[in-house]
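Since the structure comes first, as structure tokens, the remarks are kept for the end.
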Amino acid sequence: MPLTTTDTILDQDKYLGDPSKGDWVLSDGSQVLTNSEGILLTMPANSAGTVLASTVYMWYGNVRARMKTSRGAGVVSAFILLSDVKDEIDFEFIGVDLETAQTNFYFQALPVWTNTANITDISDTYSNFHDYEIQWTPDTITWLVDGVAGRTLKKSDTWNATTNSWNYPQTPARVQLSIWPGGASTNAQGTIDWAGGAIDWDSEDIQNYGYDFVTVSSVEIDCYNATSAPGTNNAVSYYYDGEAGTNDTVVNGKNATILASFLATGTDMDAGASSASASAASSTAQTIPGNSESGGVGSSGTVQGEGSSSSSGDSSSSSSSSSSSSDCDTDKTSFTQSCETASAQSGAAGTKGEVVVGGLGGSAFAAMVAVGVLAWL
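full-length UniProt numbering numbers the first residue of the sequence shown as 1 and each following residue consecutively.
Next comes the structure, spelled out in structure tokens:
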């Protein structure tokens, strides 16, 4: 449950789809540090910030993150669920409003601006830890802060008569934690305005520590663990057997997800096995700028991951496919996943197709190219 080390965080360019190697994948250009309170997702000046994604997927269930947000105009903190077909459930925090959590949801990346709603009167989200929780079932989504429900969405309220579909997040998703520059000059003006204005790359935190940051002390994932679809988590991988990308096209199956090398593909998963293989994620000890004051940043710690910059607040790769499932009874230092309690389930019916397009409970990034044919948006 506690996040106290970077040992189970893997660099994206070293991850080949085996979730037993680690709990999290760090996107290119991201940097994670540690201190006495947990891990720090950092955003140095003129960077794209940090995106941390789980190596396992959840198909409904509960996820809770205990965290402190960043602060300042244009700085956005996020705790979200994101699927391969871009179903999304969000907690987002704008650095100029430290008493509000913004909640939002998307069905297959369809932008409906009325889907957002605020949870207000939260005590200083930068200075204080709070528990942010998403309870996700086939029928409802509830957003909670410190155990108190702030918003509930019913699937029954999301029917789209034009497309004849439920515009409701319903496909296996990864947990993502991030900090990103919504107020960067390269963003659209609407995004900059939403993020609280142009970002200040000479902010107090950047002056004091060298970066803006989000502090995360723990993450807990409890799988829905239904006995029949939707919401099962009892096989090797998730994939889609139809182009609709809805929960009735999700298969909890046995497709492999681990590539032999970065030369491998979904049609030849062993390619490059004799000449290349994944390297273990490495970490380098460094001194963290700053001190123990103002936000709890320590004077020393561990840094994980450095590389080329990314350009968005969510982590994505060029293609997606089956994703491997980790053991439901994991008990690692960086997060816990419990899949012991089954729940009732329901879902919309639909016509199944023949194209495998997605991925289950497991790995992201490199493993995504293993079997499927659906390009990430």
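Just so you know, even glycine gets a beta-carbon here, dropped at the ideal spot from N, CA and C.
* Sort out for me which residues DSSP pairs F105 with in a bridge. => Taking the first residue of the sequence shown as position 1, residue 105 is located at position 105. F105 is bridged to I89.
* Near I199, which residues of its chain fall below 7 Å by C-beta distance, leaving aside the five closest residues on each side in sequence? -> Here residue 199 corresponds to residue number 199 of the sequence shown, with the count starting at 1. A73, G74, V75, P181, G183, A184.
* Which runs of the beta strand (DSSP E), 3 residues or longer, sit entirely within the region 204-240? -> 212-223, 237-240
* To do: Could you give the DSSP three-state label for D11: helix, strand or coil?
  => As a working note, residue 11 is residue 11 in the sequence shown. Three-state DSSP puts D11 in a strand.
* To do: Kindly give me the distance between the Cβ atoms of N250 and T171, rounded to whole angstroms, as I take these residues to be in contact under 8 Å.
  => Here residue 250 refers to the residue found at position 250 when the sequence shown is read from its first residue. Here residue 171 refers to the residue found at position 171 when the sequence shown is read from its first residue. Per the sequence shown, residue 250 should be read as Val rather than Asn. Indeed, because the Cβ distance is near 6 Å, the residues count as touching under 8 Å.
* Return the CA-CA distance between Y106 and I122, expressed in angstroms with no decimal places. => If you number the sequence shown from 1, residue 106 lands on position 106. If you number the sequence shown from 1, residue 122 lands on position 122. Their backbone Cα atoms lie some 24 Å apart in a straight line.
* Answer with buried or exposed for K254, where buried requires no fewer than 16 other C-beta atoms within 10 angstroms of its C-beta. => As a working mapping, residue 254 is identified with position 254 in the sequence shown. So K254 counts as exposed.
* Assuming M43 contacts Y132 (C-beta within less than 8 Å), just tell me the rounded distance between them. => Working through the sequence shown from its first residue, we reach residue 43 at position 43. Working through the sequence shown from its first residue, we reach residue 132 at position 132. The pair is not a contact, with the Cβ atoms about 19 Å apart (cut-off 8 Å).
* To do: Return helix, strand or coil for L3, following the three-state DSSP convention.
  => Taking the first residue of the sequence shown as position 1, residue 3 is located at position 3. Coil at L3, not helix or strand.
* Asked: If T140 sits next to K155, beta carbons under 8 Å apart, how far is it from one beta carbon to the other, in whole angstroms?
  -> Within the sequence shown, the letter at position 140 stands for residue 140. Within the sequence shown, the letter at position 155 stands for residue 155. Right, the Cβ-Cβ distance comes to about 7 Å (below 8 Å), so this counts as a contact.
* Distance, T162 Cα to F213 Cα -> Mapped onto the sequence shown, residue 213 falls at position 213. Mapped onto the sequence shown, residue 162 falls at position 162. If I take the Cα positions, the gap works out to 42 Å.
* Secondary structure at T152, three-state DSSP: helix, strand or coil? -> For the purposes of this step, residue 152 is taken as the residue at position 152 of the sequence shown. Correct three-state label for T152: strand.
* Asked: How about the region 41-56 and the region 92-107: do they share at least three Cβ pairs that are nearer than 8 Å?
  -> no
* Express the C-alpha separation of W24 and N167 in angstroms, rounding to a whole number. => Counting from one through the sequence shown, the residue named residue 167 turns up at place 167. Counting from one through the sequence shown, the residue named residue 24 turns up at place 24. Rounded to whole angstroms, N167 to W24 spans 29 Å at the Cα level.
* For the putative contact between Y60 and W136, defined by C-beta atoms under 8 Å, what is the C-beta separation to the nearest angstrom? -> Numbered from its first residue, the sequence shown carries residue 60 at position 60. Numbered from its first residue, the sequence shown carries residue 136 at position 136. With 8 Å as the limit, Y60 and W136 qualify as a contact, their Cβ atoms being about 5 Å apart.
* To do: Give me whichever residues DSSP pairs with Y132 in a beta bridge.
  => Along the sequence shown, one-based indexing puts residue 132 at 132. Y132 pairs with A65, V145.
* Asked: What residue does the beta strand (DSSP E) around W24 start on, and which one ends it?
  -> As a first step, residue 24 must be located in the sequence shown, where it is residue number 24. Start and end: 24-26.
* Asked: Comparing alpha-carbon positions, which option in D87, I134, V216, S70 lies nearest V112?
  -> Along the sequence shown, read from residue 1 onward, the residue named residue 112 stands at position 112. Of the listed residues, the one whose Cα sits closest to V112 is D87.
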